[in-house]
Amino acid sequence: MSTDNELSFVVESPQGLHVRPADRVVQYTKNLSQTHPGVTLLIDQPSDEIPDATLRTVCGPGPYPTNSILSLLSLAAIGRRFQFILRGPEEKVLSLIGEVEQSIREILQ
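In the numbering used here, each number is its position in the sequence shown, counted from 1, plus 10.
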């Protein structure tokens, strides 16, 4: 039996996170959880960013699910740097992190 593991990466989106790329992240997350059960992708502000009290009040404490367009657009309103967190069984997370990071970077370019 394996325990859940987390790996994260930070992506900077030059144009910010608008509706179309946010929707693509949502679709990517849904496909990821279907093809790799037990694996989830979360988003938050990078830990070195100043937390936005308004976001925390509206959405609660992070990290936030990436399968919700609302949480993505709420984060997008306050910055251009995002921390993505891949959570799941250790062997799956280790094998998927490179592919997931590359896909998210392509979506947010």
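For each residue, glycine too, the CB sits at the ideal point set by N, CA and C.
Cutoff 6 Å; reference residue i; Cβ partners in own chain excluding five residues on either side
i: Thr39; result: Leu51, Thr76 and Asn77
i: Asn23; result: According to the sequence as given, residue 23 is Ser; it is not Asn. Excluding residues within five positions, the ones whose Cβ falls inside 6 Å are Arg90 and Leu118.
i: Glu111; result: Phe19
i: Phe92; result: Val21 and Ile53
Close beta carbons around residue i, own chain, < 8 Å, minus the five adjacent residues each side
i: Lys102; result: His46, Gly48 and Val49
i: Val36; result: Thr76, Asn77, Ser78, Ile79 and Leu82
Proximity below 8 Å, CB of residue i to CB of residue j
i: Ala86; j: Leu27; result: yes
i: Glu16; j: Leu96; result: yes
i: Val21; j: Ile114; result: yes
Residues that DSSP places opposite residue i in a beta bridge
i: Thr76; result: Answer by DSSP bridge pairing: none, since Thr76 is not bridged.
i: Gln93; result: Val20 and Asp54
i: Asp14; result: Pro99
Residues of its chain near residue i, where Cβ-Cβ distance is below 7 Å and the 5 sequence neighbours each way are ignored
i: Pro121; result: This structure cannot settle anything about residue 121, because the visible part of the chain is limited to 11 through 119.
i: Ala32; result: Ile79, Leu82, Leu83 and Ala86
i: Thr13; result: Glu100
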